[in-house]
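Sequence order for the protein chains is A and B.
The numbering used here applies: residue 1 is where the first sequence begins, and numbers increase by one.
The numbering used here applies: residue 362 is where the second sequence begins, and numbers increase by one.
For each residue, glycine too, the CB sits at the ideal point set by N, CA and C.
Number of protein chains: 2
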Amino acid sequence: MRTALVVGTGLIGTSAALALAQRGVTVHLADHDPQQARTAAALGAGTDEAPEGPVDLAIVAAPPAHVAGVLADAMRRGVARGYLDVASVKGGPRRELEALGLDLAAYIGTHPMSGREKSGPLAATGDLFEGRPWVLTPTRDTDTEVLNLALELVSHCRAVPVVMDADAHDRAVALVSHMPHLVSSMVAARLEHAEETAVRLCGQGIRDVTRIAASDPGMWIDILSANPGPVADLLSDVAADLDDTVRALRALQSSDDDKRRAGSTGVEAMLRRGNAGQVRVPGKHGSAPRAYETVVVLIDDQPGQLARIFADAGQAGVNIEDVRIEHATGQQAGLVQLMVEPRAAAGLREALRERGWALRQ
Amino acid sequence: MRTALVVGTGLIGTSAALALAQRGVTVHLADHDPQQARTAAALGAGTDEAPEGPVDLAIVAAPPAHVAGVLADAMRRGVARGYLDVASVKGGPRRELEALGLDLAAYIGTHPMSGREKSGPLAATGDLFEGRPWVLTPTRDTDTEVLNLALELVSHCRAVPVVMDADAHDRAVALVSHMPHLVSSMVAARLEHAEETAVRLCGQGIRDVTRIAASDPGMWIDILSANPGPVADLLSDVAADLDDTVRALRALQSSDDDKRRAGSTGVEAMLRRGNAGQVRVPGKHGSAPRAYETVVVLIDDQPGQLARIFADAGQAGVNIEDVRIEHATGQQAGLVQLMVEPRAAAGLREALRERGWALRQ
Chain A
1 MRTALVVGTG LIGTSAALAL AQRGVTVHLA DHDPQQARTA AALGAGTDEA PEGPVDLAIV
61 AAPPAHVAGV LADAMRRGVA RGYLDVASVK GGPRRELEAL GLDLAAYIGT HPMSGREKSG
121 PLAATGDLFE GRPWVLTPTR DTDTEVLNLA LELVSHCRAV PVVMDADAHD RAVALVSHMP
181 HLVSSMVAAR LEHAEETAVR LCGQGIRDVT RIAASDPGMW IDILSANPGP VADLLSDVAA
241 DLDDTVRALR ALQSSDDDKR RAGSTGVEAM LRRGNAGQVR VPGKHGSAPR AYETVVVLID
301 DQPGQLARIF ADAGQAGVNI EDVRIEHATG QQAGLVQLMV EPRAAAGLRE ALRERGWALR
361 Q
Chain B
362 MRTALVVGTG LIGTSAALAL AQRGVTVHLA DHDPQQARTA AALGAGTDEA PEGPVDLAIV
422 AAPPAHVAGV LADAMRRGVA RGYLDVASVK GGPRRELEAL GLDLAAYIGT HPMSGREKSG
482 PLAATGDLFE GRPWVLTPTR DTDTEVLNLA LELVSHCRAV PVVMDADAHD RAVALVSHMP
542 HLVSSMVAAR LEHAEETAVR LCGQGIRDVT RIAASDPGMW IDILSANPGP VADLLSDVAA
602 DLDDTVRALR ALQSSDDDKR RAGSTGVEAM LRRGNAGQVR VPGKHGSAPR AYETVVVLID
662 DQPGQLARIF ADAGQAGVNI EDVRIEHATG QQAGLVQLMV EPRAAAGLRE ALRERGWALR
722 Q
């Protein structure tokens with residue numbers, strides 16, 4: 001790939017442009033707001049002048065609702081050899097393009113799974129996609145050359161290519177992202193009018209469950225509007241489990257021993273299915289998070305305490321896989337949970353104790 | 362308080378005994394399994410010999426189902442001036458004691474909000490409760506002397522006392538702990554039979570939402586069996602929101618513009634209520650987590666990298682409030698999110714850049 005055109009210079013488009021430009025590709029930048037394209041160009045993402053002839057790859061990074069229209073326009077004008085979009089949903093845009101009667105051999109739908117807490121070109125960075133999955137949805141009609149252009153883009157962005165069917169992709173992101181997002185919002189919503197004394201009892205559990213409920217509703221309306229079917233199907237499945245669980249809990253209130261036993265069995269089945277699903281969530285390096293052992297250290301709230309813990313762990317040759325800091329409300333002391341490979345835990349405990357740290361357990 | 366009796370030497374009982382013993386209180390230890398009491402004594406939590414006369418405070422730390430029986434027995438034998446339990450639910454035990462016809466002036470129900478990933482005396486530590494809320498549920502009948510004995514225990518354990526009505530407590534823990542736990546299990550359960558390709562797309566969002574679904578079902582059955590009513594009520598409220606949201610998503614699939622607009626409004630209302638609830642979740646020092654600014658640093662997977670980051674932050678005089686490490690599946694590089702006070706963020710960014718770190722944004 002020598003030349004590319006990025007249409008839509010928000011966070012995703014500008015980040016991809018930066019990665020390509022950094023690897024020597026000539027990148028042209030376009031946006032319905034020319035000022036956005038100028039900003040992206042000023043950041044070093046390419047030029048906001050139009051290409052003189054067709055480029056190798058056109059990357060459409062427009063908002064979901066406009067993707068098909070922008071793609072159709074670009075394809076009719078023949079601005080590139082290959083075309084892709086980066087929208088977070090893949091079935092809809094493809095069907096819209098088919099309905100417009102376009103030849104889709106030169107098109108491939110893609111979705112980089114990057115975090116999107118920020119938006120706009122100023123938040124862009126050439127390493128936004130580094131190490132993240134980037135889904136490609138070729139069909140049997142997709143030109144191999146176009147698939148290879150997409151793979152080259154993914155490689156330049158140092159992302160991990162994952163090939164999937166478009167509809168399977170939409171069901172997958174509904175499962176691992178859209179459904180959990182709405183459920184997190186529903187748990188958080190219960191706190192809206194809760195008494196302050198109750199809210200004071202929040203611990204790390206509810207903090208984790210509700211973290212993503214802080215996201216921007218505008219962006220999520222766009223995402224969910226493009227994928228309502230699969231998300232509704234999954235929420236209906238959750239609703240069925242919820243109804244069963246409410247029934248089981250009501251049975252636990254019964255004075256009848258058999259009913260209470262049945263209630264207990266029902267609740268336990270739900271908890272065990274939760275266990276079975278949770279171990280499948282990949283942690284670092286694709287392993288399950290439970291594969292790590294946790295070493296808990298008590299700290300004061302002084303700058304430098306964490307530095308000393310990590311320096312001491314480093315000197316002991318131990319790699320910290322994950323870390324979590326827990327502070328109680330209103331207190332100046334806290335706990336640091338260090339997650340390490342099980343074979344490294346004993347050595348880390350010994351090293352930290354030797355250096356004077358207070359460990360739990 | 363000079364003397365105490367701990368009945369039930371599991372994690373909670375032994376940890377409280379350790380804290381009291383460390384502060385000079387003479388602690389007697391009892392358990393229905395004498396070996397457990399001997400183990401606790403060997404750890405320095407007190408003596409497993411019975412007291413010769415009444416002690417100042419009896420702390421009943423038996424499993425929820427046995428709390429009322431053990432308390433009633435202790436009160437009838439007159440083993441102490443004051444009695445408390447530490448069960449995670451408070452309405453039930455009080456009603457059971459009342460039904461047994463006991464005078465409850467000498468009793469106070471309490472609940473230390475400590476983490477309980479481990480169990481048994483060997484996991485106990487004198488600082489288990491440090492900085493954590495410890496709920497006390499006195500009534501107008503509770504002797505002031507007994508309330509003060511409980512406050513002294515909480516103080517010795519360096520926990521933060523919170524006074525609540527027993528039933529309000531049970532509704533509060535249903536809200537901030539029991540309901541979120543079951544909902545987390547339900548989200549995780551959807552992954553049990555998911556395709557491997559879909560599971561590969563999991564990111565930090567679902568990882569956080571499902572983390573607590575990894576907990577031990579046996580322990581959670583005990584907790585939920587003691588508080589089924591308030592949990593069922595809250596899950597029913599969530600079920601109503603879930604049904605509304607499924608309907609809104611189905612409306613988004615409509616070809617009718619008005620229906621789609623109504624669907625969008627419905628989904629947005631849910632997301633905004635989630636925002637409003639999420640900001641109430643206390644972070645460190647009782648502030649909302651969103652009050653922090655995040656600085657994102659790219660790291661390689663080498664021991665010592667985190668130590669260097671924290672050392673560099675410490676040298677710049679910046680206190681890291683929270684930290685999160687994110688790794689992509691199968692990759693050797695990752696991102697470290699450092700949460701700091703907004704006024705410290707610019708200085709931290711500058712300091713880290715000067716020392717050669719790659720920052721996002």
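* Looking at the C-beta of M580/B, does it have a partner C-beta in chain A at a distance below 7 Å? -> Counting from one through the second sequence, the residue named residue 580/B turns up at place 219. No, M580/B lies away from the interface with chain A (no Cβ there is under 7 Å from its Cβ).
* Asked: Based on the DSSP output, what are the partners of P522/B in its beta bridges?
  -> Taking the first residue of the second sequence as 1, we reach residue 522/B at position 161. According to DSSP, P522/B bridges with W495/B.
* Between the CA atoms of L348/A and L359/A - distance to the nearest angstrom -> Start at 1 with the first residue of the first sequence, and residue 359/A comes out as number 359. Start at 1 with the first residue of the first sequence, and residue 348/A comes out as number 348. So the alpha carbons of these two residues sit roughly 11 Å apart.
* Going by CA-CA distance only, name the one from N227/A, G274/A, V173/A that's closest to V548/B. => As a position in the second sequence, residue 548/B is number 187, starting the count at 1. Comparing Cα-Cα distances from V548/B to each of N227/A, G274/A, V173/A, the minimum goes to G274/A.
* **Test: A429/B CB closer than 7 Å to a CB of chain A** => Mapped onto the second sequence, residue 429/B falls at position 68. No, no contact with chain A.
* To do: Tell me whether E130/A is buried or exposed, calling it buried when 16 or more other Cβ atoms sit within 10 Å of its Cβ.
  => Translated into the one-based positions of the first sequence, residue 130/A becomes position 130. Using a 10 angstroms sphere on the CB of E130/A, the tally of other CB atoms reaches 16 or more, which defines it as buried.
* Asked: In terms of alpha-carbon separation, which member of A609/B, R608/B, A600/B, D605/B lies closest to D244/A?
  -> Translated into the one-based positions of the first sequence, residue 244/A becomes position 244. Comparing Cα positions, the closest option is A600/B.
* Let me know if G13/A comes out buried or exposed under the rule of 16 or more other beta-carbons within 10 Å of its beta-carbon. => If you number the first sequence from 1, residue 13/A lands on position 13. The residue in question, G13/A, is buried, as its Cβ has 16 or more Cβ neighbours within 10 Å.
* Asked: Do we get a CB-CB distance below 7 Å when we pair G487/B with the residues of chain A?
  -> Within the second sequence, the letter at position 126 stands for residue 487/B. G487/B does not count as touching chain A.
* **7 Å Cβ cutoff met for M700/B and D683/B** => Position 339 of the second sequence holds residue 700/B. Position 322 of the second sequence holds residue 683/B. Yes, the Cβ-Cβ distance between M700/B and D683/B is below 7 Å.
* Inter-residue Cα distance where the pair is D127/A and C563/B -> As a first step, residue 127/A is located in the first sequence; it is residue number 127 there, counting from the start. As a first step, residue 563/B is located in the second sequence; it is residue number 202 there, counting from the start. Here the alpha carbon of D127/A sits roughly 19 Å from the alpha carbon of C563/B.
* H258/A (DSSP reduced to helix, strand or coil) -> Reading the first sequence from its first residue, position 258 is the one you call residue 258/A. For clarity, residue 258/A is Asp in the given sequence; the question names His instead. DSSP places D258/A in helix when its eight states are reduced to three.
* Asked: Looking at C-alpha atoms only, which residue of Q35/A, S264/A, V318/A is the closest neighbour of E350/A?
  -> Stepping through the first sequence from its first residue, residue 350/A is reached at position 350. Among Q35/A, S264/A, V318/A, the Cα nearest to that of E350/A belongs to V318/A.
* To do: Could you check if K284/A is buried or exposed, using at least 16 other CB atoms within 10 Å of its CB as the buried criterion?
  => Working through the first sequence from its first residue, we reach residue 284/A at position 284. Bear in mind that a pLDDT of 47 at K284/A, under 50, signals an unreliable position, so the number given afterwards is only what the model happens to contain. When all chains shown are included, K284/A counts as buried.
* On a CA-only basis, which of A574/B, A419/B, G430/B, R493/B is nearest A467/B? Give me that one, please. => Sequence index remark: in the second sequence, residue 467/B carries index 106 (1-based). Checked all of A574/B, A419/B, G430/B, R493/B; the closest Cα to A467/B is A419/B.
* Asked: Does the Cβ-Cβ distance between S545/B and V27/A come in under 7 Å?
  -> Position 184 of the second sequence, counted from the start, is the residue given in the question as residue 545/B. Position 27 of the first sequence, counted from the start, is the residue given in the question as residue 27/A. Going by beta carbons, S545/B and V27/A fall outside the 7 Å limit.
* To do: Assign R685/B to one of three DSSP states: helix, strand, or coil.
  => Translated into positions along the second sequence, residue 685/B becomes position 324. Strand, per DSSP.
* Just the Cα atoms here: how many angstroms apart are R725/B and L458/B? -> Nothing can be reported for residue 725/B, as the shown portion of chain B is limited to 362 through 722.
* With a 10 Å radius around its C-beta and 16 neighbouring C-beta atoms as the bar for buried, classify T139/A as buried or exposed. => As a working note, residue 139/A is residue 139 in the first sequence. So T139/A counts as exposed.
* Taking buried to mean at least 16 other C-beta atoms within 10 Å of its own C-beta, is G439/B buried or exposed? -> In the second sequence, counting from the first residue as 1, residue 439/B sits at position 78. Exposed, because fewer than 16 other Cβ atoms sit within 10 Å of the Cβ of G439/B.
* Asked: Are any of the Cβ atoms in chain B nearer than 7 Å to that of A328/A?
  -> Here residue 328/A corresponds to residue number 328 of the first sequence, with the count starting at 1. Residue placement at A328/A is flagged as unreliable, the pLDDT there being 48, under the threshold of 50; the coordinate-derived value follows with that caveat. Interface residue, yes.
* **Neighbouring residues, chain B, relative to T197/A (Cβ below 8 Å)** => For the purposes of this step, residue 197/A is taken as the residue at position 197 of the first sequence. By Cβ distance, chain B contributes V523, M525, A529, A533.
* To do: Report the residue ranges of all alpha helix (DSSP H) runs contained in full by the stretch 535 to 600 of chain B; include only those spanning at least 4 residues, in chain order.
  => 540 to 550, 557 to 561, 565 to 571, 578 to 586
* Asked: Taking Cβ to Cβ, would you say A269/A is nearer than 7 Å to L610/B?
  -> One-based indexing of the first sequence puts residue 269/A at position 269. One-based indexing of the second sequence puts residue 610/B at position 249. For the 7 Å CB-CB criterion, A269/A and L610/B do not form a contact.
* What residue from L43/A, L84/A, S225/A, T125/A has the CA that sits closest to N148/A's CA? -> Within the first sequence, residue 148/A is the residue found at index 148, counting from 1. It is L84/A.
* Asked: In whole angstroms, what is the alpha-carbon distance linking I299/A and L306/A?
  -> The sequence position of residue 299/A within the first sequence is 299, counting from 1. The sequence position of residue 306/A within the first sequence is 306, counting from 1. For I299/A and L306/A, the distance between alpha carbons rounds to 8 Å.
* To do: Kindly say whether V537/B, judged by its beta-carbon, lies nearer than 7 Å to any beta-carbon of chain A.
  => Taking the first residue of the second sequence as 1, we reach residue 537/B at position 176. Chain A, which has a Cβ nearer than 7 Å to the Cβ of V537/B, makes this yes.
* To do: Using a cut-off of 9 Å between C-beta atoms, extract the partners of A41/A located in chain B.
  => Counting from 1 along the first sequence, the entry for residue 41/A is found at position 41. The premise fails here: A41/A is roughly 18 Å from chain B at the closest Cβ pair, so nothing lies under 9 Å.
* **Pairwise C-alpha distance: A365/B and G405/B** => One-based indexing of the second sequence puts residue 405/B at position 44. One-based indexing of the second sequence puts residue 365/B at position 4. Cα to Cα, G405/B sits roughly 14 Å from A365/B.
* Residues bridged to E654/B by DSSP? -> Counting from 1 along the second sequence, the entry for residue 654/B is found at position 293. According to DSSP, which records beta bridges pairwise, E654/B is partnered with V701/B.
* Span separating the alpha-carbon of G330/A from that of I223/A -> Mapped onto the first sequence, residue 330/A falls at position 330. Mapped onto the first sequence, residue 223/A falls at position 223. With a pLDDT of 48 at G330/A, under the threshold of 50, the predicted position of this residue should be treated as unreliable, though the coordinate-derived value follows. One C-alpha to the other measures close to 38 Å.
* Distance, Cα to Cα, V86/A vs S114/A? -> Translated into the one-based positions of the first sequence, residue 86/A becomes position 86. Translated into the one-based positions of the first sequence, residue 114/A becomes position 114. Going by the C-alpha atoms only, they are around 11 Å apart.
* If H181/A and G566/B are in contact, beta carbons under 8 Å, what's the gap, nearest whole angstrom? -> As a working mapping, residue 181/A is identified with position 181 in the first sequence. As a working mapping, residue 566/B is identified with position 205 in the second sequence. The Cβ separation is near 7 Å, so the contact holds.
* Would D502/B be called buried (16 or more neighbouring beta carbons within 10 Å of its own) or exposed? -> Locating residue 502/B in the second sequence gives position 141, where the first residue counts as 1. Classification for D502/B: exposed.
* Of the choices G69/A, L122/A, W134/A, whose alpha-carbon is the least far from that of S362/A? -> Since the first and last residues shown for chain A are 1 and 361, residue 362/A lies out of range.
* Test item: CB-CB of V296/A and W357/A under 7 Å -> Locating residue 296/A in the first sequence gives position 296, counting from the first residue. Locating residue 357/A in the first sequence gives position 357, counting from the first residue. No, Cβ-Cβ distance for V296/A and W357/A is not below 7 Å.
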